[in-house]
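Numbering (UniProt numbering), first residue to last: 1 to 367.
Here a beta-carbon is modelled for each residue, glycine too, at the ideal position from N, C-alpha and C.
Below you'll find the structure, written out as structure tokens, and then a few comments.
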Ligand SMILES: Nc1ncnc2c1ncn2[C@@H]1O[C@H](COP(=O)(O)OP(=O)(O)OP(=O)(O)O)[C@@H](O)[C@H]1O
Ligand SMILES: [Mg+2]
């Protein structure tokens with residue numbers, strides 16, 4: 001399971017500006033010119049988590065190592081992308097490989113920055129892009145289904161199930177809905193749907209890119225997007241990519257805080273985007289804490305202890321014996337492992353243990 005969020009949208013809406021800010025260390029081209037991003041840019045960013053510093057303080061850890069999330073800056077799609085317009089096929093194939101989609105919607109007015117659709121209308125923009133993705137999915141399913149149907153007739157049960165799922169997906173797409181609207185009823189159905197590798201079965205969130213002065217409050221356009229997102233049960237984050245780019249290059253945390261305060265913000269829009277992306281992928285964090293370092297690790301929600309150990313090292317998974325576990329709240333309340341032990345809050349967990357968000361773990365493993 002990968003942990004990649006694709007940044008998707010029309011050209012010139014601020015995707016690369018946001019991406020650059022996210023990876024102030026990395027360079028992706030940002031210019032007032034449609035299609036300036038030709039190759040997809042991939043970068044890793046630290047996931048902000050207040051808990052890490054609190055744990056490190058208790059354990060006197062010398063170093064803090066946050067966990068990371070990957071972002072991919074994908075070139076702007078245009079109307080007709082599913083038919084190959086504006087390098088559409090190539091750009092759509094970049095979306096196919098990511099695990100979740102972050103739609104960047106232009107909610108800022110600026111007469112100097114060209115809008116491919118000629119006016120500022122984020123709801124229309126979302127519809128244009130989402131329609132292209134649905135058309136691409138429909139096209140790919142219609143191309144695949146007849147040969148799959150033929151093969152399924154030979155009695156291949158797994159294939160027959162897949163054909164069933166294809167038929168359901170085609171139906172919802174023809175109704176103008178994304179493949180997620182198939183609403184898989186259990187894990188097995190979810191897996192079947194995923195196996196079709198559709199663009200519109202990926203989890204989705206929206207980023208409203210607003211003017212500097214609306215960074216804290218949003219504007220009338222972002223309010224409309226928020227309403228649409230809420231109706232779909234999707235999350236929606238307001239940022240001003242341009243301001244984020246300026247903040248991200250400030251040399252010290254203090255200066256950043258001051259700058260944010262002046263705008264009426266408590267945390268950067270980037271932090272909000274990263275946290276929302278992490279949630280969108282249904283990821284959770286566990287910690288390893290010691291005098292050398294306090295470190296955060298990422299796993300999919302529902303991961304069992306041996307597989308969670310495998311994120312650190314494959315040997316940990318192969319030779320897994322048990323996980324010494326203290327829940328985050330207990331670790332804080334009893335001020336560390338020793339205190340948690342005294343209070344009877346130290347647990348030995350086995351192979352069937354589902355690691356919980358915030359767990360402080362120490363893995364025991366053998367040869
Ligand atoms: N919040 C904002 N307010 C004002 N201008 C902005 C804002 N966000 C981005 N811009 C400007 O919009 C222009 C386009 O931005 P950017 O290059 O990031 O777009 P893009 O979505 O990556 O485009 P493409 O699809 O062509 O790669 C840039 O000049 C950038 O400075
Ligand atoms: Mg770009």
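From what residue to what residue does the alpha helix (DSSP H) around residue i run?
i: residue 133; result: 122-152
i: residue 309; result: 305-310
i: residue 172; result: 157-174
i: residue 95; result: 88-96
i: residue 192; result: 187-195
i: residue 315; result: 314-318
i: residue 83; result: Residue 83 -> no alpha helix (DSSP H), and no H or E assigned at all.
i: residue 338; result: 337-342
Going by DSSP, what residue range makes up the beta strand (DSSP E) through residue i?
i: residue 6; result: 4-8
i: residue 361; result: 360-365
i: residue 17; result: Looking at the DSSP string, residue 17 is not in any beta strand (DSSP E); the run it does join, the alpha helix (DSSP H), is 15-22.
i: residue 296; result: 293-300
i: residue 288; result: 283-289
Using only the alpha-carbon positions, how far apart do residue i and residue j sit?
i: residue 174; j: residue 138; result: 8 angstroms
i: residue 153; j: residue 166; result: 15 angstroms
i: residue 229; j: residue 183; result: 18 angstroms
i: residue 20; j: residue 245; result: 7 angstroms
i: residue 150; j: residue 143; result: 13 angstroms
i: residue 419; j: residue 198; result: Outside the shown range of the chain, which is 1 to 367, sits residue 419, and nothing can be said about it.
i: residue 376; j: residue 339; result: Outside the shown range of the chain (1 to 367) lies residue 376, about which nothing can therefore be said.
i: residue 367; j: residue 146; result: 50 angstroms
i: residue 64; j: residue 265; result: 25 angstroms
i: residue 33; j: residue 283; result: The predicted position of residue 33 is uncertain, since its pLDDT is 46 and thus under 50; a value taken from the coordinates is nonetheless stated next. Distance between the alpha carbons of residue 33 and residue 283: 35 angstroms.
i: residue 412; j: residue 359; result: Residue 412 falls outside the range modelled here, since the chain spans only 1 to 367, and no answer is possible.
i: residue 23; j: residue 44; result: 7 angstroms
i: residue 11; j: residue 41; result: 15 angstroms
i: residue 36; j: residue 205; result: Unreliable placement is indicated for residue 36, whose pLDDT of 47 sits below 50; no coordinate value is reported for it.
i: residue 344; j: residue 334; result: 10 angstroms
i: residue 364; j: residue 318; result: 11 angstroms
i: residue 298; j: residue 67; result: 6 angstroms
i: residue 176; j: residue 131; result: 8 angstroms
i: residue 26; j: residue 15; result: Reliability fails at residue 26, whose pLDDT of 41 lies under 50, so the model's placement of it is uncertain and the value that follows must be treated cautiously. The straight-line gap from Cα to Cα measures roughly 14 angstroms.
i: residue 210; j: residue 191; result: 37 angstroms
i: residue 162; j: residue 179; result: 14 angstroms
i: residue 267; j: residue 226; result: 19 angstroms
i: residue 308; j: residue 355; result: 7 angstroms
i: residue 95; j: residue 134; result: 13 angstroms
i: residue 129; j: residue 77; result: 7 angstroms
i: residue 249; j: residue 119; result: 31 angstroms
i: residue 304; j: residue 97; result: 25 angstroms
i: residue 233; j: residue 291; result: 42 angstroms
i: residue 59; j: residue 259; result: 32 angstroms
i: residue 201; j: residue 262; result: 40 angstroms
i: residue 38; j: residue 280; result: Because the pLDDT at residue 38 is just 45, under 50, the model does not fix this residue reliably, and the point stays unresolved.
i: residue 127; j: residue 326; result: 46 angstroms
i: residue 348; j: residue 160; result: 44 angstroms
i: residue 57; j: residue 47; result: 19 angstroms
i: residue 117; j: residue 324; result: 57 angstroms
i: residue 341; j: residue 3; result: 34 angstroms
i: residue 207; j: residue 243; result: 14 angstroms
i: residue 114; j: residue 293; result: 48 angstroms
In the DSSP output, which residue or residues are listed as bridge partners for residue i?
i: residue 180; result: Answer is none; residue 180 lacks a bridge partner.
i: residue 205; result: 102
i: residue 73; result: 7 and 41
i: residue 62; result: Answer is none; residue 62 lacks a bridge partner.
i: residue 325; result: 347 and 361
i: residue 46; result: 68
i: residue 354; result: 304
Q) On the three-pair Cβ rule with 8 angstroms, is the segment 70-89 touching the segment 250-257? A) Put simply, the segment 70-89 does not touch the segment 250-257. Fewer than three CB pairs are less than 8 angstroms apart.
Q: State whether the segment 80-96 contacts the segment 310-324, with contact taken as three or more CB pairs (one from each stretch) at a distance under 8 angstroms.
A: Between the segment 80-96 and the segment 310-324, the count of C-beta pairs closer than 8 angstroms stays below three; the two stretches do not touch.
Q: Evaluate contact between the segment 230-240 and the segment 268-284, counting only Cβ atoms and requiring at least three cross-stretch pairs below 8 angstroms.
A: A contact exists between the segment 230-240 and the segment 268-284.
(Q) Does the structure place the segment 104-111 close enough to the segment 39-54 that three or more beta carbon pairs sit under 8 angstroms? (A) No, the segment 39-54 is not in contact with the segment 104-111.
Q) How about the segment 215-234 and the segment 119-135: do they share at least three Cβ pairs that are nearer than 8 angstroms? A) A contact between stretches requires three or more CB pairs, one per stretch, nearer than 8 angstroms, and the segment 215-234 meets this requirement with the segment 119-135.
Q. Counting only runs that start and end within the segment 204-272, where is the alpha helix (DSSP H) found for 4 or more residues in a row?
A. Segments of the alpha helix (DSSP H) lying fully in the segment 204-272: 220-232, 241-248 and 253-263.
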